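For what it's worth, our numbering labels the leading residue of the sequence shown as 23, then goes sequentially. Even for Gly, the Cβ is constructed at its ideal location relative to N, Cα and C. Quick caveat, the model's predicted, so the values are computed rather than measured. Reading through the structure tokens given below for one structure.
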Amino acid sequence: MKFLEGLITAFSILRANKARTLLTMLGIIIGIAGVIGMMSFGAGAKKILMWEVEKVGGPSMFGVYRQGWIRKGRKWVRNPSKHFLTMEDVRAIQAECPSVDVAAPEMGRRMNISVGGKHKRSQMQATTYDYQNARQWHINYGRFLSDDDLSLWNKVCVIGEEVWREMFSGMDPIGRELKIDQQRFTVIGIMESRGKGLNSYNSQDNNVFVPITTAQTHFWGNDRVGHILMRAKDYQLVDQAVREVKTVLKRNNGGEEFFETWVMKKELQSANRIILTIEMILVVIASVSLVVGGIGILNIMLVSVTERIPEIGLRKAVGAKKMDIRLQFLTESVILCITGSLIGIVLGALIGHGFAWAVTKFLLKDFDWPSVVTIQSVITAVLAGAGVGIFFGYYPASQAAKLTPIDALRHN
């Protein structure tokens, strides 16, 4: 009951001094709004990161590739290894690595494509049927490359949505011919749209997929594979899958580790650490105004104690204890901060939305930066507000509690 009475009294006192209450809360509002805005930025960056990871195939993805140039000392020199990744390596991985769910070869190159009088520069990806399973990227219309296409070196291709829209004007392309560097290929399917993402200059929808055996015969002139894309059966098995793949490749190539590996799990952890560091720096900067707001509350509460010394004396004279006085002023301080925090959360959400809009409008243009206000950030803001109220309100509350009834009433 005493707690409820204290709340009612606190609200009455704060409502009686509306202008001073609002000005006191202003620093808290700005500080919390800054914290929410910065945390919204960090949450948006993490969401974008996960979007990009899912476009690659998910956090269980990893791959191996052979570098054409390696660094020795301060110089870059051509890779001296005589070993190259081949389809034999792909088949060995599929057969001998139990932790690998799917493995797909991939060899990419920028190529000129044409249909009728239309010309375009696109990314040709030479691969196999397993590529769409590895990337979790499926057909929108038609079909993907088959094992028969690889066995028969068929000159067929699957196109991205951007290629379909620009080269075929959105008309049905199945069965029509598309030239890739003057080589005629028959279109058999259209991939689902993946969008441009952060890299607007290399849209995944601008890809053209062909059987890797056909590309090796007509374009490369050898049986090499540039990159092997893989996905582990489970996120927890990624490290084990990488070890298995390394063992198989080294055994099949004279014990030499001529290849490099990339692991999405590690890259994702590194990216999240960077985002978290940036987010924390921005939050600390934004929290400066929160500290300033807390100092303002400390000042106003000291003034309030001075103004209300007779009230404190009267309450002590009728039996109020030190704890009752201390709690009364702490309650007022915490209410100020929590109310300011709630207003700051709304303002911070608007700031985050405005920031996302500005980044999308003026920087990314072709990609929407998300505005994300998480439950975690809201809880953090409310707890921060309450903490500021308790920390900066404790000293004035203690000063009020120390007054004796005689001294307080004499002050009147």
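(1) Starting from ASN134, follow its DSSP beta bridges and name the residues at the other end.
(2) With a Cβ-Cβ cutoff of 8 Å, do ASN228 and GLY182 count as a contact?
(3) Determine the DSSP secondary structure at PRO233, reduced to helix, strand or coil.
(4) Would you mind sorting ARG216 into buried or exposed? The rule is 16 or more other CB atoms within 10 Å of its CB.
(5) Residues bridged to HIS249 by DSSP?
(6) Should PHE280 go down as buried or exposed, given a rule of 16 or more other Cβ atoms within 10 Å for buried?
(7) Our contact map puts VAL264 next to THR283 with C-beta atoms below 8 Å; I'd like the distance itself, whole angstroms only.
(8) Looking at ILE115 and ALA125, is the spacing between their C-beta atoms short of 8 Å?
(9) Output the boundary residues of the alpha helix (DSSP H) element that contains ILE58.
(10) On a CA-only basis, which of VAL395, TYR416, LYS287, LEU298 is nearest MET345? Give me that one, please.
(11) Going by C-alpha distance, which of ILE202, ILE196, ASP203 is nearest ILE212?
(12) Are the stretch 289-300 and the stretch 393-401 in contact at 8 Å, needing three or more beta carbon pairs?
(13) Once DSSP output is grouped into helix, strand and coil, what is the label at MET213?
(14) Just to check my reading of the structure: GLU128 and TYR153 have Cβ atoms closer than 8 Å, yes? What is that Cβ distance to the nearest angstrom?
(15) Using DSSP with H/G/I as helix, E/B as strand and the rest coil, what is GLU279?
(16) Using a Cβ-Cβ cut-off of 7 Å (strictly less than) and excluding sequence neighbours within five positions of TYR151, which residues of its own chain qualify?
(17) Sort THR426, THR361, PHE384 by Cα distance to VAL410 and report the nearest one.
(18) Near TRP186, which residues of its chain fall below 8 Å by C-beta distance, leaving aside the five closest residues on each side in sequence?
(19) Return the CA-CA distance between MET23 and SER62, expressed in angstroms with no decimal places.
(20) Could you tell me the alpha carbon to alpha carbon distance between VAL340 and ALA419, rounded to whole angstroms?
(21) I'd like to confirm the pairing. Which residues does DSSP put opposite PHE207 in its beta bridges?
(22) Let me know the alpha helix (DSSP H) ranges lying completely inside the stretch 279-355, each 4 residues or longer, listed in chain order.
(23) Just how far apart, CA to CA, sit TRP91 and SER103?
(24) Taking C-beta to C-beta, are GLY56 and ALA308 nearer than 8 Å?
(25) Give me the Cα-Cα distance between TYR257 and LYS268, rounded to the nearest whole angstrom.
(26) Can you give me the start and stop residues for the beta strand (DSSP E) that VAL178 sits inside?
(27) Which of the three DSSP states, helix, strand or coil, is assigned to THR402?
(28) Does DSSP put TYR163 in a helix, a strand or coil?
(29) Taking 7 Å as the cut-off, does the CB of ALA38 come closer than this to any heavy atom belonging to the ligand SAH?
(30) Name, in chain order, the residues that DSSP records as bridge partners for THR108.
(31) If contacts are defined as beta-carbon pairs under 8 Å, then VAL247 and LEU71 qualify, I think. What distance do you get, rounded to the angstrom?
(32) Quick one: Cα of GLY130 to Cα of ASP203, how far?
Taking the geometry as given:
(1) For ASN134, DSSP records a beta bridge to ARG143.
(2) Closer than 8 Å, so yes.
(3) strand
(4) buried
(5) TYR87, GLU128
(6) buried
(7) Contact check for VAL264 and THR283: beta-carbon distance about 6 Å, within the 8 Å limit, so the pair qualifies.
(8) ILE115 is positioned such that its CB atom lies closer than 8 Å to that of ALA125.
(9) 40-78
(10) TYR416
(11) Nearest C-alpha to ILE212 among ILE202, ILE196, ASP203: ILE196.
(12) no
(13) strand
(14) 7 Å
(15) coil
(16) PHE166, LEU167, SER168, ASP169
(17) Of the candidates THR426, THR361, PHE384, THR361 places its Cα closest to the Cα of VAL410.
(18) Cβ neighbours of TRP186 beyond the five flanking positions: GLY192, PRO195, ILE212.
(19) At MET23, the pLDDT of 40 sits below 50, so the modelled position is not reliable and the matter cannot be decided from this model.
(20) Whole-angstrom Cα-Cα distance: 19 Å.
(21) LEU200
(22) 286-329, 331-339
(23) 10 Å
(24) yes
(25) 18 Å
(26) 178-181
(27) helix
(28) TYR163 sits in a strand when the DSSP states are folded into three classes.
(29) No copy of the ligand SAH appears in this structure; indeed no ligand is present at all.
(30) ARG246
(31) Not really, about 28 Å apart at Cβ, beyond 8 Å.
(32) Cα atoms of GLY130 and ASP203: separation of roughly 14 Å, rounded to the nearest angstrom.
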